[in-house]
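Participant:
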Amino acid sequence: MAPNHTVVYLDAITGDFLNGAPENSSVDTGGPASDLALDRRAGVLYAASPYDNGLVVLLDAATPTYVNGSLADSTFHVATDGYNIAVNSAAGIVYVTDTDFPLSTSGVIKYLHGLTAEEYSPGPSTATPVGRGPSAVAVDTNVGIVYVANRDDDTVTYLDAASRAYLNGSRSASTFAVGDAPEAVAVNPGAGILYVANSTDGTVTFLDAVTGAYTNGTLANSSFAVGSGPRALAVDPSAGILYVANSADGTVTYLDAATGAYRNGTLQNSSFVVGSDPRALAVDPSAGILYVANFSDGTVTYLDATTGDYVNGTMANSTFAVERWPTAVAVDSGAGLLYVANRRDGTVTYRDAATGAYANGTLADSTFFAGYSPSGIAVDPTEGIVYVTNATRNTVTSLDATTGAGLPVFLTLPTGTLPSAVAVMPPLD
1 MAPNHTVVYL DAITGDFLNG APENSSVDTG GPASDLALDR RAGVLYAASP
51 YDNGLVVLLD AATPTYVNGS LADSTFHVAT DGYNIAVNSA AGIVYVTDTD
101 FPLSTSGVIK YLHGLTAEEY SPGPSTATPV GRGPSAVAVD TNVGIVYVAN
151 RDDDTVTYLD AASRAYLNGS RSASTFAVGD APEAVAVNPG AGILYVANST
201 DGTVTFLDAV TGAYTNGTLA NSSFAVGSGP RALAVDPSAG ILYVANSADG
251 TVTYLDAATG AYRNGTLQNS SFVVGSDPRA LAVDPSAGIL YVANFSDGTV
301 TYLDATTGDY VNGTMANSTF AVERWPTAVA VDSGAGLLYV ANRRDGTVTY
351 RDAATGAYAN GTLADSTFFA GYSPSGIAVD PTEGIVYVTN ATRNTVTSLD
401 ATTGAGLPVF LTLPTGTLPS AVAVMPPLD
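Note that the sequence shown covers residues 1 to 429 in our numbering.
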């Protein structure tokens, strides 16, 4: 049995435990991890945890081992309540958000050296104050900007990705009002637009990704009504479409990624019914399919990524059972597989990315134990590994990404407290 607060590594193709057994494929993180980020160039997996006043644990990305040999030597105190993490491989910097409680206290984001977890720049602290309740972070390495959504004061803060300086010299000048309770951000580097999903007022705000200016001059003109309770975003830059998962009304809204216009003229005609409580999205531009994980009814819906049509004609025929509480989804277009993390059952289900068929014929044979409360998922097509964060055991699990066949072989690494997300660095030229 893998220890509590661990990360588990699985073969991304077969779903086997990486080292043959859970106990050999797991690494203790010392507390529940809340977020994960992978730097493929450095071969390091970073786990952020709000446990013990904020920790970052450095793990080897390929093996269930600590970068510095032990949990103690690979764990670094960063800030109170470190909940979200992102990595800039080119600059060798890791960004960690910090939400202080009570909510009236401002949150911060810390910059750390990617390999040492030491404070990135000289000075008394690398904890950069942002807004209240930082809830999501994104980075655009092309322009060198970090974006932080601040849920409790309805703003987004822009920071220099290398220096941690406020982009416009001060926090007030670099922080921009958005809608009510922003919970997700996504950036479109090609279009130069930042998208912010505002969960309480049911809108998405479009900002210039470099200046923070509203794309249409004012907040009102640059915020577009979607469904109720938007909680996830995905963008297909090649198709020019932004997808918004509306958890409270069970729909996905398609917007023009440049203008915010409804793809089919009206909100009603551009919003498509999926399952209950959609909370995660993934898009495969090459296949032209949008995948929607429906949390409350344990299903995944396949939609045409351009038209919003059900891929098999009806919602019933295009919605496929996984296990309970699917919270994250990832796709490997090369392998033709969709991976769904099921939080309640501690599993990952493999499905054919084009047809929705189970990868191994049945739900049971296509579902693999991944840990406890899996909450985030990412795939590395080059290495053939799927990474899964396990929120209540503070671990990351690695699975074989192609077939899911064979005996369970986890590689579990400890992270911080309550890990909830994971990312894979693409191959570098």
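Ideal Cβ positions, reconstructed from N, Cα and C, are used throughout, including at glycine.
Ordered along the chain, which non-local residues of its own chain (more than five positions away) have a Cβ less than 6 Å from that of V329?
Facilitator: As a working note, residue 329 is residue 329 in the sequence shown. Cβ neighbours of V329 beyond the five flanking positions: A280, A282, Y291, A293 and V340.
Participant: What first and last residue would you give for the alpha helix (DSSP H) that runs through L219?
Facilitator: As a working mapping, residue 219 is identified with position 219 in the sequence shown. L219 to S222 is the span of the alpha helix (DSSP H), which, as asked, contains L219.
Participant: Going by the CB atoms, is the gap between A305 and A225 shorter than 8 Å?
Facilitator: As a first step, residue 225 is located in the sequence shown; it is residue number 225 there, counting from the start. As a first step, residue 305 is located in the sequence shown; it is residue number 305 there, counting from the start. No, these two residues do not count as a Cβ contact at 8 Å.
Participant: By how many angstroms is the C-alpha of N342 removed from the C-alpha of V322?
Facilitator: In the sequence shown, the residue the question calls residue 322 occupies position 322. In the sequence shown, the residue the question calls residue 342 occupies position 342. Near 8 Å, if we compare the C-alpha coordinates of N342 and V322.
Participant: On the three-state DSSP scale, how would you describe A209?
Facilitator: Translated into positions along the sequence shown, residue 209 becomes position 209. It is coil, neither helix nor strand.
Participant: Going by the beta-carbon positions, is the gap between T301 and S318 smaller than 8 Å?
Facilitator: Against the sequence shown, residue 301 aligns to sequence position 301. Against the sequence shown, residue 318 aligns to sequence position 318. Cβ distance < 8 Å, so T301 and S318 count as in contact.
Participant: Tell me whether L267 sits in a helix, a strand or coil according to DSSP, three-state version.
Facilitator: Taking the sequence shown and counting its residues from 1, one reaches residue 267 at position 267. Helix, per DSSP.
Participant: How about A209 and L194: do their beta carbons lie closer than 8 Å?
Facilitator: Taking the first residue of the sequence shown as 1, we reach residue 209 at position 209. Taking the first residue of the sequence shown as 1, we reach residue 194 at position 194. Yes, the Cβ-Cβ distance between A209 and L194 is below 8 Å.
Participant: Sort L45, G250 and I241 by Cα distance to V274 and report the nearest one.
Facilitator: Here residue 274 corresponds to residue number 274 of the sequence shown, with the count starting at 1. Measuring from the Cα of V274, the nearest candidate turns out to be G250.
Participant: For N168, name the three-state secondary structure that DSSP assigns.
Facilitator: Start at 1 with the first residue of the sequence shown, and residue 168 comes out as number 168. In the structure shown, N168 sits in coil (DSSP, three-state: anything other than H, G, I, E or B).
Participant: Rounded to the nearest angstrom, how far is the Cβ of V7 from that of V396, given a contact under 8 Å?
Facilitator: Here the question's residue 7 lines up with position 7 in the sequence shown. Here the question's residue 396 lines up with position 396 in the sequence shown. Contact holds; Cβ gap of about 3 Å.
Participant: Using the beta-carbon count (16 or more within 10 Å), is P326 buried or exposed?
Facilitator: Residue mapping note: residue 326 aligns to position 326 of the sequence shown, counting from 1. When all chains shown are included, P326 counts as buried.
Participant: Using 8 Å for Cβ pairs, my map puts A43 next to D400. What's the rounded Cβ distance?
Facilitator: Position 43 of the sequence shown, counted from the start, is the residue given in the question as residue 43. Position 400 of the sequence shown, counted from the start, is the residue given in the question as residue 400. The sequence given here places Gly at residue 43; Ala does not occur at that position. Between D400 and G43 the Cβ distance is about 19 Å, and since that is not below 8 Å, they are no contact.
Participant: As a quick exercise: from V139, F295, R41 and Y9, pick the residue whose alpha carbon is nearest that of A245.
Facilitator: In the sequence shown, residue 245 corresponds to position 245, counting from 1. Of V139, F295, R41 and Y9, the residue nearest in Cα terms is F295.
Participant: Quickly, what does DSSP pair F272 with across the bridge? List them, please.
Facilitator: Within the sequence shown, numbered from 1, the residue matching residue 272 stands at position 272. F272 is bridged to V252.
Participant: Residues in its own chain within less than 8 Å of S222 by CB, not counting five upstream and five downstream?
Facilitator: Within the sequence shown, the letter at position 222 stands for residue 222. Excluding residues within five positions, the ones whose Cβ falls inside 8 Å are T205, F206, L207, Y214, T215, N216 and G260.
Participant: Please work out which residues of its chain come closer than 8 Å, Cβ to Cβ, to D352, disregarding the five sequence neighbours upstream and downstream, and give them in chain order.
Facilitator: By one-based count along the sequence shown, residue 352 stands at place 352. Cβ within range, chain order: G336, L337, L338, Y358 and A359.
Participant: Within 10 angstroms of the Cβ of D154, are there 16 or more other Cβ atoms? Answer buried if so, exposed if not.
Facilitator: Mapped onto the sequence shown, residue 154 falls at position 154. Classification for D154: buried.
Participant: Got a sec? Which residues, its chain only, sit under 7 Å from S247 by beta carbon, not counting five neighbours each side?
Facilitator: Within the sequence shown, numbered from 1, the residue matching residue 247 stands at position 247. Only G229, R231, D277, P278 and R279 meet the Cβ criterion.
Participant: Which ranges would you report for the alpha helix (DSSP H) in the segment 309-364 if only whole runs of at least 4 residues count?
Facilitator: For the segment 309-364, whole alpha helix (DSSP H) runs of length 4 or above, ordered along the chain, are 315-318.
Participant: For N198, count neighbouring C-beta atoms within 10 Å of its own C-beta (all shown protein chains included) and say buried if the count is 16 or more, exposed if not.
Facilitator: Here residue 198 refers to the residue found at position 198 when the sequence shown is read from its first residue. Label assigned to N198: buried.
Participant: Hey, out of A161, A47, D201 and N150, whose CA is closest to F76's CA?
Facilitator: Walking along the sequence shown from the start, residue 76 turns up at place 76. The shortest Cα separation from F76 among A161, A47, D201 and N150 belongs to A47.
Participant: In terms of residue numbering, what span does the beta strand (DSSP E) encompassing E183 cover?
Facilitator: Residue mapping note: residue 183 aligns to position 183 of the sequence shown, counting from 1. Note, E183: beta strand (DSSP E), P182 to N188.
Participant: Near D140, which residues of its chain fall below 7 Å by C-beta distance, leaving aside the five closest residues on each side in sequence?
Facilitator: Walking along the sequence shown from the start, residue 140 turns up at place 140. Excluding positions up to five away in sequence, the list reads V187, P189 and A209.
Participant: Among G313, G131 and I385, whose alpha-carbon lies nearest the alpha-carbon of V178?
Facilitator: Here the question's residue 178 lines up with position 178 in the sequence shown. Comparing Cα positions, the closest option is G131.
Participant: Does the distance from the CB of A173 to the CB of P237 come in under 8 Å?
Facilitator: As a working mapping, residue 173 is identified with position 173 in the sequence shown. As a working mapping, residue 237 is identified with position 237 in the sequence shown. No. Outside cutoff.
Participant: Under a Cβ-count criterion, where at least 16 other Cβ atoms within 10 Å of its own Cβ denotes burial, should P102 be classed as buried or exposed?
Facilitator: On the sequence shown, residue 102 is found 102 positions in, with the first residue counted as 1. Model confidence at P102 stands at a pLDDT of 29, short of 50, so the residue's coordinates are unreliable and nothing is read from them.
Participant: Less than 8 Å between the C-beta atoms of L233 and A184, yes or no?
Facilitator: By 1-based counting over the sequence shown, the position of residue 233 is 233. By 1-based counting over the sequence shown, the position of residue 184 is 184. Their beta carbons are under 8 Å apart, which means L233 touches A184 by this criterion.
Participant: Here's the rule I'm using: 16 or more other beta-carbon atoms within 10 Å means buried, otherwise exposed. How should D100 be labelled?
Facilitator: Residue 100 sits at position 100 when you count from the first residue of the sequence shown. Any answer about D100 is weak, because its pLDDT of 36 lies below 50 and its placement is not dependable; what the coordinates show is given next. By the neighbour-count rule (16 or more Cβ atoms within 10 Å), D100 is buried.
Participant: What residue range is occupied by the uninterrupted beta strand (DSSP E) comprising N246?
Facilitator: If you number the sequence shown from 1, residue 246 lands on position 246. I241 to N246 is the span of the beta strand (DSSP E), which, as asked, contains N246.
Participant: So the beta strand (DSSP E) N390 belongs to, where does it begin and stop?
Facilitator: In the sequence shown, the residue the question calls residue 390 occupies position 390. Taken as a continuous stretch (DSSP letters only), the beta strand (DSSP E) holding N390 covers I385 to N390.
Participant: Given a cut-off of 8 Å on the beta-carbon distance, is the pair V252 and L303 in contact?
Facilitator: Position 252 of the sequence shown, counting from 1, holds the residue named residue 252. Position 303 of the sequence shown, counting from 1, holds the residue named residue 303. The answer is yes: Cβ separation under 8 Å.
Participant: Quick one: using the 10 Å Cβ neighbour count with 16 as the cut-off for buried, is T362 buried or exposed?
Facilitator: Working through the sequence shown from its first residue, we reach residue 362 at position 362. It counts as exposed.
Participant: Using DSSP bridges, identify the partner residues of V292.
Facilitator: For the purposes of this step, residue 292 is taken as residue 292 along the sequence shown, with counting starting at 1. Per DSSP, L281 and T301.
Participant: Keeping to the same chain, check which residues put their C-beta closer than 7 Å to that of G144; ignore five residues upstream and five downstream.
Facilitator: Residue 144 sits at position 144 when you count from the first residue of the sequence shown. Closer than 7 Å at Cβ, skipping near neighbours: D160, A161 and A162.
Participant: Can you grab the Cα-Cα spacing for the pair G20 / V27, in whole Å?
Facilitator: The residue given as residue 20 occupies position 20 in the sequence shown. The residue given as residue 27 occupies position 27 in the sequence shown. Answer to the nearest angstrom: the Cα atoms are 14 Å apart.
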